[in-house]
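Order-wise, the sequence lines are chains A and B. Quick note: the first sequence uses full-length UniProt numbering, first residue 1, plus one each step. Quick note: the second sequence uses full-length UniProt numbering, first residue 1, plus one each step. Idealized CB from N, CA, C, for every residue including glycine. One structure is given below, encoded as structure tokens.
Protein chains: 2
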Amino acid sequence: MVENSPLDIEEIVRDSFDENETEQLAEKLDQLEPEEIAFALEAMPLEQRVGTWLTLEKEQQIAALTYMRVDARSNIFKQLETAQLHELVEEIDVDDLIELLDELPDAIYQYACSRLDQSEKRWLDQALTYDDEQCGRYADHDVLILSKNAKVRDAVRLFKKLTEDAEYQEALFVVDRTGRYVGLLQGIRLLGQPNHMPVVEFIDAEAPVVQGDMELDQGSDLVARSGYSALAVVDSEGKLLGRLSIGEALENVRRSLEGQFMHTAGLDEEEDLFAPIINSAKRRALWLGINLLTAFLAAWTIGLFEATLQQVVALAVLMPIVASMGGIAGSQTLTLIIRGLALGQITPQTYWTLMRKELGVGAINGVLWALVIAGITYLWFGDWIIATVISLAIVINICVAAFSGVVIPVWLEKMKIDPALSGSVILTTVTDVIGFFAFLGLGSLFLL
Amino acid sequence: MVENSPLDIEEIVRDSFDENETEQLAEKLDQLEPEEIAFALEAMPLEQRVGTWLTLEKEQQIAALTYMRVDARSNIFKQLETAQLHELVEEIDVDDLIELLDELPDAIYQYACSRLDQSEKRWLDQALTYDDEQCGRYADHDVLILSKNAKVRDAVRLFKKLTEDAEYQEALFVVDRTGRYVGLLQGIRLLGQPNHMPVVEFIDAEAPVVQGDMELDQGSDLVARSGYSALAVVDSEGKLLGRLSIGEALENVRRSLEGQFMHTAGLDEEEDLFAPIINSAKRRALWLGINLLTAFLAAWTIGLFEATLQQVVALAVLMPIVASMGGIAGSQTLTLIIRGLALGQITPQTYWTLMRKELGVGAINGVLWALVIAGITYLWFGDWIIATVISLAIVINICVAAFSGVVIPVWLEKMKIDPALSGSVILTTVTDVIGFFAFLGLGSLFLL
């Protein structure tokens, strides 16, 4: 029985800083899975990352790269000499090449292609007919394939060749003479079956199939729900392209949800923790610029009421409360709706039910907090008109926020714009502008 | 070959609204996996959800419930009569009971317990020694178990009993006489092996083990990285509690990342899209209240400078720009750090490297946007002192934001507070207060 040792990133990172620990580090890395190595490398600053990566054996180097985030990987490539890159890709597996090709310099990619054999080239061409969000692109070629006419003994021979570290290879795929997928066969179904029986007898008729042009998210969901540890990926003619395993499905689900989280701050899920400062600054600048536009829009709204503000400076003091409460209430609705959209759980049929519910929640919380804010404002400024004005503005803004929190993401989704990325900027613009306008407008009406 | 039919939630939800489609809907549901049914039920308003759920057979009813979000499930329970609940749990499986027990009314839970047999009761007690974030609680008892002395033929017999819809049961677990876990045995390793060989010969020595007191996230990671479709879960004495499958691991990863996303808006990952208005309002009110405190803190900061604002009303107009740019820059750093913390990729060794990098990014973007804002401000108000004041405030606030974006989540993590939940409220409080203070303070210095 093997003791399970949870991955100790902290220890590995510490060792990577210490030149006396190089050997010890190499030993530790040797015991890790490539995805664990990738994970540890991402947690290191560039210098240590490249240094540690270079100590790996070539096979591990490639495997680790394929598991790393695109940015983290590309930051390693940038540190390598052309000769090092050539050596790296000399005997690269076609599946790994497909994974890495977008970040490889063009000349290196060409070189790697020139080293592939005929069948690998065919695989590569096949993969490249799909874009990088489709299952066909990433179909794993490391599959057990058997002909339709094969017998149980052939299948057994195939399974027996599996090495100890084969992952999710508990099933093989049966194809006809033209390479068309016939069915999936789980190894355990053959236990105790006579050698001479045809394998087609044991094919699992229930196993679904992943189409090559399916979105990666959709294909991953299909694998996850199927209960099989891998499914066949086929092209439009039904030919077997490879397989999509539950391990990759899990990785895709993770990336996709991490993306949703990172996009809320205008970041990419591939963002490297230790990216060079100038690269990070460049990428984030855009987001700040977009935000600046909306901030000026809010400022312009306030500017419309300069005269009012000059006379009732309390309004300037209280302004941020109206905007902020609207922003928070709106982002609660927005977040709920974005999750719902991502899961496909928001349908035309229920759109208005949802809208009514969110408006109801907004109305209740709007009135509740408007009363509280009115009370505090009265205590602070001793003016019941200001208290009334702010409470009205709060109710208006929270209701508008609830409405926008439903409308904006649904509309963005229809326009094929990622609501996680743009939703909150648009929402805060709305709640800022409406909030300031309602508050200062009502203020001008009642207080001047 | 089965045509794969991606789950059409929209169609199912539409049917649930139409009383003439009841039969057709039942047929469609019958072809779905319980997790797909659960998924579709979550996408329905309460009335349709309960109505549709009631048309299911009892086994499907329970299975669907176990896959549903806690809130969505509990909203079904609330609609049921005591008699219906009794009937539901009458013959409930112990694994399902463990999943549902927190939402079941106490009397119903007691009744369900009284119906369990001896061994099931033992399982339940065992599970309840772990809390609801630990792997031991959810160890799946649906496992193939074999004694250490068993032969290949016994294993084959066990595998042959598996039904078509057994999920991730490609391996069995070998235990000694006292129930202590000895090892994992993959079915395919037995192919072509003589019947009389002892199974222990084929045990996979590499398979890691999940400890019962491991956090669910940690255990799920272990399963995902192991490459096995299920691992054994053992108690502190090494006794086999059950298994954790890759399917459940994927589900846990998904829930955990969804949680991270939902927490940024103060929502729970279990939040039901169609929760009753009053429940939702209550839950969200707390978050709005916390935000209100911080908003009043910002307002109080502004209040310190009432005299200045009265004289230079342009400051009131421009205030939100300073606060907003700081908030956005800070949330970018915060989001990156929260992801890093969640993945365990931020270590003491690299903390200062990271801080330097984020401050560098902040300084570059601070200066860049300060210049842009100074230009626009000058064009707008024709006053270069105001332009200087706002640009200084922007630089200060964006640098403070970068600093806080690193410090706050790391500190929260140390205090065992979820940074995804509280990070952004604390961060915006800091950027609001510092932003207003810097801007209005500098304004008072230079403009009065």
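With a cut-off of 8 Å on Cβ pairs, the region 215 to 231 of chain A is not in contact with the region 289 to 304 of chain A, counting fewer than three such pairs. By the neighbour-count criterion, in which a residue is buried when 16 or more other Cβ atoms sit within 10 angstroms of its Cβ, His196 of chain A is exposed. Interface flag for Thr264 of chain B against chain A is set, since a Cβ pair is found closer than 8 Å. Within a 10 Å sphere around the beta-carbon of Met415 of chain B sit fewer than 16 other beta-carbons, which makes this residue exposed.
Taking C-beta atoms as the reference points, Met325 of chain A and Leu292 of chain B count as a pair closer than 8 Å. Chain B places a beta carbon closer than 8 Å to that of Phe261 of chain A, counting this residue as a contact. Counting along the chain, the unbroken beta strand (DSSP E) around Arg243 of chain A starts and ends at 240 to 245. Per DSSP, Leu32 of chain B lies in no beta strand (DSSP E) segment and is marked neither H nor E. CA-to-CA, the gap between Thr55 of chain B and Leu25 of chain B works out to about 9 Å. For Gly136 of chain B, the enclosing alpha helix (DSSP H) begins and ends at 135 to 138. Ranking A:Asp30, A:Tyr111, A:Asp204, A:His141 by CA distance to the CA of Ser119 of chain A puts A:His141 first. Of the other Cβ atoms in all chains shown, fewer than 16 fall within 10 Å of the Cβ of Arg115 of chain A; this residue is therefore exposed.
Contact between Phe17 of chain A and Gln61 of chain A does not hold, since their C-beta atoms are separated by about 20 Å, which reaches or exceeds 8 Å. Within the region 27 to 112 of chain A, complete alpha helix (DSSP H) segments of at least 4 residues are found at 34 to 42, 46 to 54, 58 to 67, 70 to 77, 82 to 89, 94 to 100, given in chain order. DSSP, read as helix, strand or coil, puts Ala342 of chain A in helix.
Between Val322 of chain B and Ala393 of chain B, the C-beta gap is smaller than 8 Å, which places the two residues in contact. Scanning B:Tyr109, B:Arg243, B:Leu318 for the CA closest to the CA of Glu90 of chain B turns up B:Tyr109. Taking 8 Å as the cut-off between beta carbons, the residues of the region 44 to 73 of chain A near chain B are Met44, Pro45, in sequence order. The Cβ-Cβ distance between Val209 of chain B and Leu231 of chain B falls below 8 Å. The DSSP-derived three-state label of Ile145 of chain A is strand.
Looking from the CA of Gly423 of chain A, the closest CA among A:Ala295, A:Arg69, A:Gln260, A:Phe274 belongs to A:Gln260. By the beta-carbon neighbour count (other beta carbons within 10 angstroms, threshold 16), Gly289 of chain A is exposed. Gln345 of chain A counts as buried, since at least 16 other C-beta atoms from the protein chains shown sit within 10 angstroms of its C-beta. Secondary structure remark: continuous alpha helix (DSSP H) runs of at least 4 residues inside the region 276 to 336 of chain A, in chain order: 277 to 303, 306 to 311. Nearest CB-CB separation between Gln349 of chain A and chain B: below the 8 Å threshold. For Ala316 of chain B, the neighbours in chain A by C-beta distance under 7 Å run, in chain order, Ile302, Leu309, Ala316.
8 Å or more divides the Cβ of Leu97 of chain B from the Cβ of Phe159 of chain A. Under the Cβ criterion (8 Å, minimum of three pairs), the region 264 to 284 of chain A does not count as touching the region 163 to 181 of chain A. Taking a contact as a CB-CB distance under 8 Å, the pair Ile434 of chain B and Asn397 of chain B counts as one, their CB atoms being some 6 Å apart. The C-alpha of Gln211 of chain A lies about 10 Å from the C-alpha of Lys239 of chain A. Per DSSP, the beta bridge partners of Tyr181 of chain B are B:Val175. In terms of CA proximity to Thr388 of chain A, A:Phe439 leads the group A:Gly340, A:Phe439, A:Ser404. Asp213 of chain B sits in coil when the DSSP states are folded into three classes, being neither helix nor strand. Using a 10 angstroms sphere on the CB of Ala299 of chain A, the tally of other CB atoms reaches 16 or more, which defines it as buried. Chain B places a beta carbon closer than 8 Å to that of Phe274 of chain A, counting this residue as a contact. Nearest in C-alpha terms to Ala63 of chain B, of all of B:Ala72, B:Glu33, B:Leu46, is B:Glu33.
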